[in-house]
Amino acid sequence: MTYPHNQKLDKFMENIPESLFNELSLPINFVDHNCTILVMNKAFLEFLELPLKDVVGQNLVDIDNTTRFPIVLQTGIPEIGKRHRFKSGKEAIVDRIPIYDGDRIIGCAGIIVPSHLSPDSIEWKIRHLIINKIRPDYKTRLETDSSSLIPKYTFDDIIAKSKLIQHFKQRAKSFSKTELPVLITGESGVGKELFAHAIHSASQRANRPFVCINCAAIPDTLLESELFGYEPGSFTGAHKNGKQGKFEIANGGTIFLDEIGDLPPIMQSKLLRVLQENQIEKIGSSESKEIDVRVIAATNVDLLDKIENKVFRSDLYYRLNVLNLNIPSLRERSEDIPLLIEHFKSLFYQKNGIYKTFSKEALKILSGYTWPGNIRELKNIVYRLMVIAEGPEIGFDLIPQDILEARYHFYVDHYDPNDILENKSTLTNIMKEIELQIIEDTLKLCDNNKSKTADVLGIQRMTLYRKIKK
Ligand SMILES: Nc1ncnc2c1ncn2[C@@H]1O[C@H](COP(=O)(O)OP(=O)(O)OP(=O)(O)O)[C@@H](O)[C@H]1O
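Quick note on UniProt numbering: the sequence shown kicks off at 1 and runs consecutively.
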């Protein structure tokens, strides 16, 4: 295959034989930097329900105006495993992978992954092969999602309808226009890492590395070499070629220092020096190297408290906390819960091809829960329910006991002792009242179905009748 307009792309594609390309049942296309189609295989044309004629040279937007290729060509940010509705109304999971020549975007590849395909299928494997060929650095993300140099998320991935989070998204977007350090605080699982990725993705550095390091997950003895690297032979057991540190890898881009509150004091001093001087010194080296790295740090502990207890340096805190985002917990924005459940359902579907709905009662219970583990906990529960539900609908009965019980604690916690004094109630009467309230609420959730209510509450149907009658 040759692409007269683009020698670089030509070189890039020269190893892919056209015959093989057209035989693939996986729809694939390539466009140049103007979104002009360079290749669209038979499977792609068939998927778009287009006649099997040559579309090379046409603009993809003219063929399918729903395409997001122009956006990917502009941002340079890959979109992998995204759900897309085509002009024909068909839906599928798609990958859009920008192709670079150095820093320049010269084209984009698109793959449609029909939703019935299992991750074990040959097409799925070919998809991985193609992505890895275009972006070898993306391989890690597809497999483990953990140590890639490419940000995993953009602001579009932060799902929220609450005004509260919209406000934080807006603020974070304005932070991405600057080069200043950002400190993201908030409880565990609220999306701090997600925000860090999004800030980088929307910044001038989007096409440069995004390097994450979890300061709590690395033993103190290894932290220095992880962050700053070492020279060959600088200590026993050192790799003979030495090692690049995370700061050096992140040069030109962003480093995300997660769980910064757990950084040991000695490393706090070293980090402070790096931030002040913009220079790193590898272990075993006497020379400093200039670096240009934007720092985003996150923590779920109270750093001011740590400063007061003299376990965190206040000067480092002020260096990191130039811009601050204190992400609210999920219980402060419970109106986002149904939307997040919908989002995780569709993510699960994209990955596993399994789609289930939640019953009205189940949704109501999940929306009323306080989610101490925040969005991470919600995501895990949604995935777990998708796996364990046998039928197409996830009902009340599958909700974990601790979530159901938490509702009952709510009644107890919210009982006003003044009512006891005013009404001169006895403990037995108070307990009965609470019990009745729970029964009434559960009956409502179960559309007045008494057998179901008894089942959910774990009592006999006759006991339920007796309690209602009383
Ligand atoms: N608004 C959101 N929309 C969609 N997914 C979200 C949102 N917020 C968080 N998540 C998801 O919830 C999970 C936890 O988020 P993340 O790791 O960013 O939290 P965190 O605050 O950094 O947690 P920790 O303090 O434990 O490191 C991730 O899978 C993330 O993708």
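A virtual CB, placed ideally from N, CA and C, is assigned to each residue, including glycine. Remember, it's a predicted structure, so these values are computed and weren't measured experimentally.
Boundaries (first-last residue) of the beta strand (DSSP E) holding leucine 194: Segment 192-201 is the alpha helix (DSSP H) holding leucine 194; no beta strand (DSSP E) there.
Own chain, CB closer than 8 Å to leucine 457, minus 5 neighbours either side, in chain order: Here the set comprises Ile438, Ile439, Thr442 and Leu464.
Using DSSP with H/G/I as helix, E/B as strand and the rest coil, what is lysine 432? Of the three classes helix, strand and coil, the one that applies to lysine 432 here is helix, per DSSP.
Name the DSSP beta bridge partners of histidine 84, please? By DSSP's assignment, histidine 84 forms a beta bridge with Ala92.
Could you tell me the distance, in whole angstroms, from the CA atom of glutamate 91 to the CA atom of glutamate 308? The C-alpha of glutamate 91 lies about 55 Å from the C-alpha of glutamate 308.
Run through DSSP, which three-state label would lysine 139 get? Reliability fails at lysine 139, whose pLDDT of 43 lies under 50, so the model's placement of it is uncertain and the value that follows must be treated cautiously. Here lysine 139 sits in helix by DSSP.
If you draw a straight line from the C-alpha of isoleucine 434 to the C-alpha of leucine 330, how long is it? Rounded to the nearest angstrom, the two C-alpha atoms are 26 Å apart.
Can the beta-carbon of lysine 192 be found less than 8 Å from the beta-carbon of alanine 298? In this structure, alanine 298 lies closer than 8 Å to lysine 192 by Cβ.
So what does DSSP say about aspartate 258, is it helix, strand or coil? In the structure shown, aspartate 258 sits in a strand (DSSP, three-state: E or B).
Proximity below 8 Å, CB of isoleucine 126 to CB of leucine 24: Contact: yes.
Return the first residue and the last residue of the alpha helix (DSSP H) that threonine 185 is part of. Threonine 185 -> not in any alpha helix (DSSP H); beta strand (DSSP E) instead, spanning 182-185.
heavy atom of ligand 1 below 7 Å from arginine 461 C-beta: Because no heavy atom of ligand 1 lies under 7 Å away, the Cβ of arginine 461 does not count as near it: no.
Measure the alpha-carbon distance for phenylalanine 228 versus glycine 57 and round it to whole angstroms. In a straight line, the C-alpha of phenylalanine 228 is about 48 Å away from that of glycine 57.
Does any heavy atom of ligand 1 sit closer than 7 Å to the C-beta of glutamate 342? For glutamate 342, the shortest C-beta to heavy atom distance toward ligand 1 is 7 Å or greater.
Pick helix, strand or coil for isoleucine 327, following the three-state DSSP scheme. Isoleucine 327 carries a coil assignment under DSSP once its states are collapsed to helix, strand and coil.
Is the CB-CB distance between leucine 183 and asparagine 321 below 8 Å? When the beta-carbon positions are compared, leucine 183 and asparagine 321 come within less than 8 Å of each other.
Say yes only if the C-beta of asparagine 300 is nearer than 7 Å to one or more non-hydrogen atoms of ligand 1, and no if none qualify. Result yes, Cβ under 7 Å from ligand 1.
Within the stretch 270-345, ranges of the alpha helix (DSSP H) (whole runs, at least 4 residues): Runs found: 303-308 and 314-320.
Run through DSSP, which three-state label would aspartate 54 get? Looking at aspartate 54 - three-state DSSP - the assignment turns out to be coil, as it is neither helix nor strand.
When DSSP labels each residue in this structure, what does glutamate 248 get in the three-state scheme? Glutamate 248 falls in the helix class under three-state DSSP.
Using a threshold of 8 Å, state whether the C-beta atoms of valine 295 and isoleucine 255 are closer than that. The answer is yes: Cβ separation under 8 Å.
Asparagine 41 to threonine 357 span [Cα, whole Å]: Their Cα atoms are separated by approximately 35 Å.
How far does the beta strand (DSSP E) with aspartate 32 in it extend, from its first residue to its last? Residues 28-32.
What's the gap between the Cα of asparagine 326 and the Cα of valine 387? About 33 Å.
When you measure from the CB of serine 188 to every non-hydrogen atom of ligand 1, does any distance come out below 7 Å? Short note on serine 188: C-beta closer than 7 Å to some heavy atom of ligand 1.
8 Å contact criterion, which tyrosine 230 and isoleucine 283 should meet: CB distance rounded: Right, the Cβ-Cβ distance comes to about 4 Å (below 8 Å), so this counts as a contact.
Taking Cβ to Cβ, would you say asparagine 68 is nearer than 8 Å to arginine 96? The residue you asked about is not asparagine; residue 68 is arginine in the sequence shown. Less than 8 Å divides the Cβ of arginine 68 from the Cβ of arginine 96.
Compute the minimum distance between the beta carbon of aspartate 292 and the heavy atoms of ligand 1, and state whether it is under 7 Å. No, since every heavy atom of ligand 1 falls outside the 7 Å radius drawn around the Cβ of aspartate 292.
Outcome for isoleucine 28 when other beta-carbon atoms lying within 10 angstroms are tallied against a minimum of 16: It is buried - the Cβ of isoleucine 28 has at least 16 other Cβ atoms within 10 Å.
Rank Asp262, Cys446, Asp402 and Gln166 by C-alpha distance to the C-alpha of valine 311 and give the top, closest one. Per the Cα distances, Asp262.
Take the Cβ of arginine 466 as the centre, count every other Cβ of all protein chains shown within 10 Å, and call the residue buried at 16 or more, exposed below. A residue is called buried when at least 16 other Cβ atoms come within 10 angstroms of its Cβ; arginine 466 does not meet this threshold and is exposed.
Going by DSSP, what residue range makes up the beta strand (DSSP E) through glycine 107? Residues 104-113.
Go ahead and label serine 451 buried or exposed: buried means 16 or more other beta carbons lie within 10 angstroms of its beta carbon, across all protein chains shown. So serine 451 counts as exposed.
On the CB-based measure, 16 or more other CB atoms within 10 Å of its CB, does serine 176 come out buried or exposed? So serine 176 counts as buried.
So what's phenylalanine 175 in DSSP terms, helix, strand or just coil? In the structure shown, phenylalanine 175 sits in a helix (DSSP, three-state: H, G or I).
Helix, strand or coil: which one does DSSP assign to isoleucine 214? Checking the sequence, you will find asparagine at residue 214 rather than isoleucine. For asparagine 214, the secondary structure class from DSSP, reduced to helix, strand or coil, is strand.
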